[in-house]
Amino acid sequence: MDIRVVPFDHPDAVKLIDLVQQEYVTRYGDPDVTPVAPREFAPPRGLFLVGYLAGVAVACGGWRAHDGPEPTFRPGDAELKRMFVLDTERGKGFARALLAELERTALAAGRRRAVLETGTEQPEAIALYRSSGYGDIPGFGVYRDEPESVYLAKELKES
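For the sequence shown, the positions run 5 to 163 when the working numbering is used.
Printed below as a string of C-alpha cells:
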C-alpha cells in the first residue's frame with residue numbers, strides 16, 4: 005500500500021470518509037457528529053493520509069493536534085480520526101500500517117501522545133489499538149458519556 009499525505013477535503017479522502025460515516029450508521033445507527041474541519045488536518049498541526057493500491061484509495065486516517073485542557077487532552081496530544089479500510093481490503097495489515105504512519109508523523113510533528121475514541125461495535129478496531137499499545141483513558145468530546153464509547157491513548161516514542 006502506498007500511503008500519501010492528502011488534504012482532508014481531497015476527493016479520495018472525501019469518498020473514504022463518506023464510507024466510514026456509512027459504516028458508523030450501519031454499526032451505531034448514526035454518523036459520527038464530532039465536529040471536524042479540514043484545516044485541523046493540515047500540517048503542521050494535523051495530517052490526513054490515504055492508502056492506495058494500484059492507484060485506488062483503500063484506506064484513510066488522520067490526526068489533529070490538541071494541547072489541553074487537561075484532563076481531557078494534554079499538551080502534545082494528537083487525536084486520531086477517520087481510520088478506515090475498505091471492507092474488501094481488511095485483514096491485510098493496512099490498518100496497522102496506516103496507524104504506524106499516523107503515529108510516526110505525529111511524533112515527527114512534535115506530538116507526544118496519540119488519543120482516540122472508538123466504540124464497542126468496532127471490536128476489530130479495539131483489538132488493533134490494544135495490540136498496538138493503546139490503553140484506556142477518560143472520555144472526551146461529544147461521546148464522553150456514551151456507554152458504547154471506548155477511549156484509548158498511547159505515548160509516542162522514537163522506535
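Glycine included, each C-beta is placed from N, C-alpha and C at the ideal position.
For ASP22, the uninterrupted alpha helix (DSSP H) run begins and ends at 15–32, by DSSP. With contacts defined by Cβ atoms closer than 7 Å, VAL62 and LEU23 do not form a contacting pair.
When DSSP reads this structure, GLY65 sits in a beta bridge with LEU53. A distance below 7 Å separates the beta carbons of PHE98 and MET5. Per the C-alpha coordinates, the member of VAL119, ARG108 and GLU128 positioned closest to GLY95 is GLU128. Here ASP81 is buried, its C-beta having at least 16 other C-beta atoms within 10 Å.
Here DSSP, grouped into helix, strand and coil, assigns TYR138 to coil. Look at the region 80–135 and you find these whole runs of alpha helix (DSSP H), each 4 residues long or longer: 98–112 and 127–135. Within the same chain, VAL40, GLU44, PHE45, ARG49, GLY50, ALA82, GLU83 and LYS85 come within 8 Å of ARG68 by CB-CB distance, once the 5 residues on both sides are set aside.
With a cutoff of 7 Å on beta-carbon distance, GLU107 and TYR147 are scored as not near each other.
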